[in-house]
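In the UniProt record's numbering, the protein residues as written are 1 to 500. For each residue, glycine too, the CB sits at the ideal point set by N, CA and C. All values reported here derive from a predicted model rather than from experimental measurement.
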């Protein structure tokens, strides 16, 4: 096995200590889907790679009605790692990891079983280990769990990871921030977005700020428009209760795509560390104009209202496309087009920066050359493993001056360094234990994003129907006109999926 290492990224993690301080990690919602698919396999992979603290324990927790014994929790973790883990179970490695696992039930009015489990874990570690409390629970439970941590003393020496979505509008985000800050100061709050833990998203910073080739043209003088596109082929997968209250805009746009926009549009930070990076992202959010509902398309795939648990008259959007404007000197006049939705034609995660055409066209451009999204574009695919591609026009072999699309592409799958990389949750769990907030969202930034979204909530456009497997309502194409969506117009070779 190739050993993993703390990722050496733009914000300087290569200079961090290799291992965090001694820890007791408390997983709230340890029997849930997120813990099963991501957290338990991720912690095991970190342990096997030697990136967990020298001394640590993991305490699972859930309401008393879902309580497990220690042995049942270990069996649950084994099944999770077997089914979803990137690393195969190894006898010695698994035995060492399994020995760190215990369980303590906790209800807001009766946290005693959890307290006993944490005390036992801390005694096993010795000294005064740090605590990391991961709230893998429904958003409706955040406030009660935070309050319980404060009342029973578990917030001492602790950091807290809070899952998305952080609020559902400006008022709820402010209320939740007040609840969290009554127990944890902002330096100990880690609002997690697994998109920001992706190597390929983090590499946007390296692409821009480590290369003189790109930064001088990363502005309104050279870039025509930007697209951030995250279509999904899946439906709501039985999550009607969550999705009916949330919808695609709250679930994907505010939480994920706006954060990626922050990385794409930010100014060079003074230093490559958490405070400076988050300051520059906050400036981007401050410069965002309030959303204009006339520049938003909401859609709902045919058959959504027949899903179990969905209101037969539901107006919840399963698709959202919108135009965003960042009103500062770098980006004034450059539209950012964002799109995401369920049951679409292809699953992708793409940033496409389209450059302006030369002021004087020397060569004829016809349908063969493509034009539009097929050329003059820098594409960052931030799916795992991801790739970066510069798309341009080049002369085709032959006597005539005939142009065709070409590309220069870097693929993470071809990089030997990828074997040492971490998946999003693994990376962010490690960062939280190290206390590095670079890739976590901040209170003021979250509130600002909900603030710019308020006009949409006040006057949402009607949802438009679209067929499953399509690219959403036709109005989304009108939204970007005279431009076109980069997807599904994929150039000659799609580095992530082969020739199209």
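Contact check, residue i vs residue j, beta carbons under 9 Å
| i | j | result |
| --- | --- | --- |
| residue 171 | residue 133 | no |
| residue 380 | residue 223 | no |
| residue 382 | residue 164 | no |
| residue 429 | residue 39 | yes |
| residue 235 | residue 299 | no |
| residue 244 | residue 354 | no |
| residue 20 | residue 435 | yes |
| residue 455 | residue 466 | no |
| residue 433 | residue 183 | no |
| residue 281 | residue 442 | yes |
| residue 349 | residue 431 | no |
Of the listed residues the options, nearest to residue i (C-alpha basis)
| i | options | result |
| --- | --- | --- |
| residue 218 | 265, 432, 285 | 265 |
| residue 148 | 118, 186, 108, 216 | 108 |
| residue 220 | 66, 99, 334, 411 | 334 |
| residue 448 | 400, 169, 41 | 169 |
| residue 50 | 394, 441, 18, 68 | 18 |
| residue 128 | 118, 46, 135, 60 | 118 |
| residue 290 | 69, 458, 100, 469 | 458 |
| residue 511 | 91, 436, 100, 96 | Residue coverage of the chain in this structure runs from 1 to 500, which leaves residue 511 outside it and unanswerable. |
| residue 413 | 406, 421, 407 | 421 |
| residue 390 | 376, 130, 398 | 376 |
| residue 57 | 35, 29, 98, 37 | 98 |
| residue 424 | 357, 202, 96, 76 | 202 |
| residue 410 | 294, 388, 76 | 388 |
| residue 476 | 61, 339, 111 | 339 |
7 Å Cβ shell around residue i - same chain, five flanking residues per side excluded
| i | result |
| --- | --- |
| residue 347 | 231, 232, 233 |
| residue 142 | 135, 162, 176 |
| residue 196 | 259, 439 |
| residue 426 | 42, 45, 46 |
| residue 214 | 207, 208 |
Same chain, Cβ closer than 6 Å to residue i, five either side skipped, listed in chain order
| i | result |
| --- | --- |
| residue 276 | 269, 270 |
| residue 368 | In this prediction, residue 368 has a pLDDT of 46, which is less than 50 and means its spatial position is unreliable; nothing more can be read from the coordinates. |
| residue 33 | none |
| residue 316 | 244, 247 |
| residue 105 | 64, 67, 113 |
| residue 37 | 84 |
Cβ shell of residue i (< 8 Å), same chain only, five flanking positions each side left out
| i | result |
| --- | --- |
| residue 89 | 78, 81, 82 |
| residue 481 | none |
| residue 396 | 402, 403, 404 |
| residue 241 | 309 |
| residue 22 | 53, 54, 55, 56, 125, 126, 127, 129, 130 |
Anticipated Cβ contact below 8 Å, residue i with residue j, distance rounded
| i | j | result |
| --- | --- | --- |
| residue 84 | residue 227 | Contact flag wrong, Cβ pair sits at about 31 Å. |
| residue 386 | residue 200 | 3 Å |
| residue 523 | residue 249 | Because the chain here runs from 1 to 500, residue 523 falls outside it and cannot be looked at. |
| residue 75 | residue 102 | Not quite, the Cβ-Cβ distance comes to about 13 Å (not below 8 Å), so this is no contact. |
At least 3 beta-carbon pairs within less than 8 Å: the segment 299-316 vs the segment 442-456: The segment 299-316, when compared against the segment 442-456, does not touch it at the 8 Å Cβ threshold.
Within 8 Å, do at least three Cβ pairs link the segment 255-264 to the segment 280-295? Counting Cβ pairs under 8 Å, three or more are found: they touch.
Count Cβ pairs between the segment 318-334 and the segment 185-199 that sit closer than 8 Å; are there 3 or more? Taking 8 Å as the limit for Cβ pairs, the verdict is that the segment 185-199 does not touch the segment 318-334.
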